[in-house]
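Per this note's numbering, numbering through the sequence shown is continuous, rising by one, with the last residue being 482.
The C-beta atom is built at its ideal place from N, Cα and C for all residues, glycine as well.
Keep in mind that this is a model prediction, so the values were computed, not measured.
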Amino acid sequence: MGKFAYLLVVPFLFSACTLAPKYLRPNPPVPDKWPGGAAYRSSKGYLKIPGAREIRWQEFFTDKRLKEIIRTALHNNRNLKLAALNVEETRAMYGVKRADLFPVVNATAARSKQRMPDTHGFGQKLILTEYSAGLGITAWEIDFFGRIRSLERQALEEYFATEEARRGVQISLVSEVARVYFTLAADREDLRLARSTLETQKALYDLIKKRYDVGLATELDLNRVKTQVQAAKRDVAYYVRLTARDKNALNLLTGYKMPHLPLPHDLNSAGGIRKISSGIPSDVLLNRPDIMAAEHRLKGAYAFIGAARAAFFPRISLTTAIGTASRDLSGLFGAGSKAWRFVSDVTLPVFDARTWAAYRVSKAERKIALAKYEQTIQRAFREVADSLAVQGTVDRQVSAQRAFVDAAYHTYHLSMKRYATGTDSYLSVLDAQRSLYAAQQQLVSLRLLKIANKIRLYAALGGGGD
Numbered sequence: 017m018g019k020f021a022y023l024l025v026v027p028f029l030f031s032a033c034t035l036a037p038k039y040l041r042p043n044p045p046v047p048d049k050w051p052g053g054a055a056y057r058s059s060k061g062y063l064k065i066p067g068a069r070e071i072r073w074q075e076f077f078t079d080k081r082l083k084e085i086i087r088t089a090l091h092n093n094r095n096l097k098l099a100a101l102n103v104e105e106t107r108a109m110y111g112v113k114r115a116d117l118f119p120v121v122n123a124t125a126a127r128s129k130q131r132m133p134d135t136h137g138f139g140q141k142l143i144l145t146e147y148s149a150g151l152g153i154t155a156w157e158i159d160f161f162g163r164i165r166s167l168e169r170q171a172l173e174e175y176f177a178t179e180e181a182r183r184g185v186q187i188s189l190v191s192e193v194a195r196v197y198f199t200l201a202a203d204r205e206d207l208r209l210a211r212s213t214l215e216t217q218k219a220l221y222d223l224i225k226k227r228y229d230v231g232l233a234t235e236l237d238l239n240r241v242k243t244q245v246q247a248a249k250r251d252v253a254y255y256v257r258l259t260a261r262d263k264n265a266l267n268l269l270t271g272y273k274m275p276h277l278p279l280p281h282d283l284n285s286a287g288g289i290r291k292i293s294s295g296i297p298s299d300v301l302l303n304r305p306d307i308m309a310a311e312h313r314l315k316g317a318y319a320f321i322g323a324a325r326a327a328f329f330p331r332i333s334l335t336t337a338i339g340t341a342s343r344d345l346s347g348l349f350g351a352g353s354k355a356w357r358f359v360s361d362v363t364l365p366v367f368d369a370r371t372w373a374a375y376r377v378s379k380a381e382r383k384i385a386l387a388k389y390e391q392t393i394q395r396a397f398r399e400v401a402d403s404l405a406v407q408g409t410v411d412r413q414v415s416a417q418r419a420f421v422d423a424a425y426h427t428y429h430l431s432m433k434r435y436a437t438g439t440d441s442y443l444s445v446l447d448a449q450r451s452l453y454a455a456q457q458q459l460v461s462l463r464l465l466k467i468a469n470k471i472r473l474y475a476a477l478g479g480g481g482d
């Protein structure tokens, strides 16, 4: 039994090395600083602010209702469940590849009975009975050149990549739930604005109808205000539809387990969002799950080259067995009943075009994985840079738009006064009212853009995956 154990242990001593090339992380093909210029805010005020990975989503969002909806989505969303199942599958596949490193040991027990022919003409039956039991290993490949270990490493990197993909799905889910939540708040604010505008237009219609009846307003003025009433009704229906779609989106994201919570009526009641620091590109981007997944697949491509190289070397397999045999069951473990068998098989590749083709494929796959890795980094850099550009300009836009709304509001009221005194036509009132309504809608859109961009930046920097 000592020899048998020795035969099992020795091969492991030779299987620790592989022929895979040494992996060195490529330099990121992006600048080492975020873009600067008029569109970007100075980072000096953000030096003491934590980065996205340091702030959990429970801390990033302050609204309790939103956090409850996100928790529900994380428990019930089907996309996230599929991502988790993919992780389980790749973990199991890794287990299959890893199992190839170890021998498959089978235990056997048998009883055989055989009638022998009477070749000597004695006229007697000769029946032989035999009992046997043993342990055996069949065609176990000894991984001298690391072929199996390289394939096992490739499977491990694929498992890691799938886990990062799952984290990426979670980040996307958290950001999408928040985006839809704030979009719903903005659409409900626009709906309230449209309803208010409709009531104003109805009141104007009643006023101009009375003036028309006594000859103080023209039929043209009356028809113009009619068009505004209908336009306001159209907008009300439009925003009713949008709010319904937003709710449907939240239902889908939460797996139709949407908690019964009062939803925000406008952006002011939807809660706030914490500030985050953008950090340094080389530190931040390499922690994004999509980039980490691409890097794991690049490492897997390196490991696959090791397996392809090992195919050029001899493949050694071992078949061995140890057991006992006896004609009587009682003598199965008696003296002289032991038996053993050892067979080693060496296959040396002499010429196989498929081996060379597989090696070329492995090198091409490494180049493809490298290109995808670099492409993912560049795309991530662009996403963050775009969000930083919005962050650096949207505050100025919101401030200017607020001033524009104030000016449009005063213009509208001045036009109403001038029309009431007969100084100006209703056309001036109509233009002022349209300008005010459009300015108010644009302000809501810009405020939503500011919030949505913060969410987008948080996700682009890898926040929300914990």
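What is the DSSP secondary structure of residue i, reduced to helix, strand or coil?
i, result
"I338", "strand"
"G316", "helix"
"D402", "helix"
"V410", "helix"
"T34", "coil"
"I158", "strand"
"A326", "helix"
"P87", "Here residue 87 is Arg; the residue named in the question, Pro, does not match the sequence. If DSSP states are grouped into helix, strand and coil, R87 belongs with the helices."
"A54", "coil"
"S533", "There is simply no residue 533 to check, as the chain begins at 17 and stops at 482 in what is shown."
"F77", "strand"
"L24", "In this prediction, L24 scores a pLDDT of 49, lower than 50, which makes its location untrustworthy; the coordinate-derived value is nonetheless stated afterwards. The answer is helix: DSSP assigns L24 an H, G or I state."
"S294", "coil"
"H429", "helix"
"D287", "Position check: residue 287 holds Gly in this sequence, whereas Asp was assumed. The answer is coil: DSSP assigns G287 none of H, G, I, E or B."
"T371", "helix"
"F397", "helix"
"A233", "coil"
"N93", "coil"
"R72", "coil"
"G111", "helix"
"K49", "coil"
"M308", "helix"
"Y228", "helix"
"I471", "helix"
"G479", "coil"
"R195", "helix"
"F176", "helix"
"V366", "coil"
Whole-angstrom Cβ separation of residue i and residue j, contact assumed at under 8 Å?
i, j, result
"L207", "V245", "The Cβ separation is near 17 Å, so there is no contact."
"V185", "L266", "The Cβ separation is near 17 Å, so there is no contact."
"Y375", "A337", "Between A337 and Y375 the Cβ distance is about 36 Å, and since that is not below 8 Å, they are no contact."
"L473", "Q407", "7 Å"
"S166", "A310", "Their Cβ separation, rounded to whole angstroms, is 20 Å, which puts S166 and A310 out of contact at 8 Å."
"L258", "D203", "4 Å"
"A396", "R304", "5 Å"
"S378", "E157", "Their Cβ separation, rounded to whole angstroms, is 19 Å, which puts S378 and E157 out of contact at 8 Å."
"V103", "R182", "5 Å"
"A201", "A248", "Not a contact, Cβ separation roughly 21 Å."
"L452", "A424", "4 Å"
"P297", "K49", "7 Å"
"Y56", "A405", "6 Å"
"G479", "A68", "3 Å"
Can you have a look at residue i and say buried or exposed, based on whether 16 or more other CB atoms are within 10 angstroms of its CB?
i, result
"F118", "exposed"
"P45", "exposed"
"Y318", "buried"
"E70", "exposed"
"I393", "buried"
"N93", "buried"
"S212", "exposed"
"H312", "buried"
Quick one: what's residue i bridged to in DSSP?
i, result
"K129", "T145"
"K354", "T340"
"S360", "L334"
"T124", "G150"
"G67", "S293"
Checking contacts by CB at 8 Å: is residue i closer than that to chain D?
i, result
"A405", "Absence of chain D from the displayed structure is noted, only one protein chain being present."
**Request:** Kindly confirm or deny that the stretch 441-453 and the stretch 228-240 touch, where touching means at least three C-beta pairs closer than 8 Å.
**Result:** yes
**Message:** Any contact between the stretch 262-278 and the stretch 81-91? By contact I mean 3 or more CB pairs, one from each, below 8 Å.
**Reply:** yes
**Asked** Counting pairs of Cβ atoms below 8 Å between the stretch 105-120 and the stretch 282-296, do you hit three or more?
**Response** Touching, no, given that fewer than three Cβ pairs across the two stretches are closer than 8 Å.
**Asked** Any contact of the stretch 406-421 with the stretch 460-468, i.e. 3+ C-beta pairs under 8 Å?
**Response** yes
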